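Here the structure comes first, spelled out in structure tokens, and everything after it is commentary.
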Amino acid sequence: MLTKLLPDQISTFWPIIKYAVEESLPPIAGEHPDKMNRILSAMLSGLLEVWVSYKKPSNKFEAVVVTQFLYDDASNTKNLLLYCLYGYEQIDPSSWDEGWIVLSKYAKTKKCHSIMAYSANPYLVELAKTFGGNTDYTFISLALNKIV
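Reminder that position 139 of the sequence shown reads as 557 in the working numbering, one-by-one numbering, no gaps.
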């Protein structure tokens, strides 16, 4: 079951969430000595939203997903970005399917055009294709301190 956490729940489960974020940060995050505090602040303010997947009856976290709304001003388009996603163990295929559907419905209620993600996980890329996702593009990141 995928559930969006409230700010007080984020605070309660921060050690678990922090580990998931540290293990799955996107390449856009960069390095900053205060990075994790900034991410926590963004979560508590609602700029980033935290979702957890868990299985009953244990209610043990199966995965953590952090989302963020992205706005493209030039095209006036709003999208839901899967900022990071981390699974604590092998995730059941039905949980993946349910998660995509829950996030898709949520994004639709927020008037998003699409869901976007960065991923190096082949299974996630293939799963996105089964939902009609376009995976033709390659994310390119050039570290400026290595170039100039």
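Note that the Cβ used here is the ideal one computed from N, Cα and C, for glycine as well.
Keep in mind it's a predicted model, so treat the numbers as computed, not measured.
Exercise. Is the region 461-471 close to the region 427-443, with three or more CB pairs under 8 Å?
Worked result: Counting Cβ pairs under 8 Å, three or more are found: they touch.
Exercise. Which residues bound the alpha helix (DSSP H) around M461?
Worked result: Taken as a continuous stretch (DSSP letters only), the alpha helix (DSSP H) holding M461 covers K453 to S463.
For this session: Can you say whether A525 is buried or exposed, counting buried as having 16 or more other CB atoms within 10 angstroms of its CB?
Result: Counting Cβ neighbours within 10 Å, A525 comes out buried, since at least 16 surround it.
Exercise. Should Y468 and L521 be called a contact, given that it needs their Cβ atoms to be closer than 8 Å?
Worked result: According to the sequence as given, residue 468 is Val; it is not Tyr. No; because the gap between Cβ atoms is not below 8 Å, this pair is not in contact.
For this session: Leaving out five residues on either side along the sequence, give the residues of the same chain with a beta carbon under 6 Å from the beta carbon of K523.
Result: Here K523 has no same chain residue with a Cβ atom under 6 Å from its own Cβ, once five neighbours each way along the sequence are excluded.
Exercise. Where does S442 land, buried or exposed, given buried means 16+ other C-beta within 10 angstroms?
Worked result: It counts as buried.
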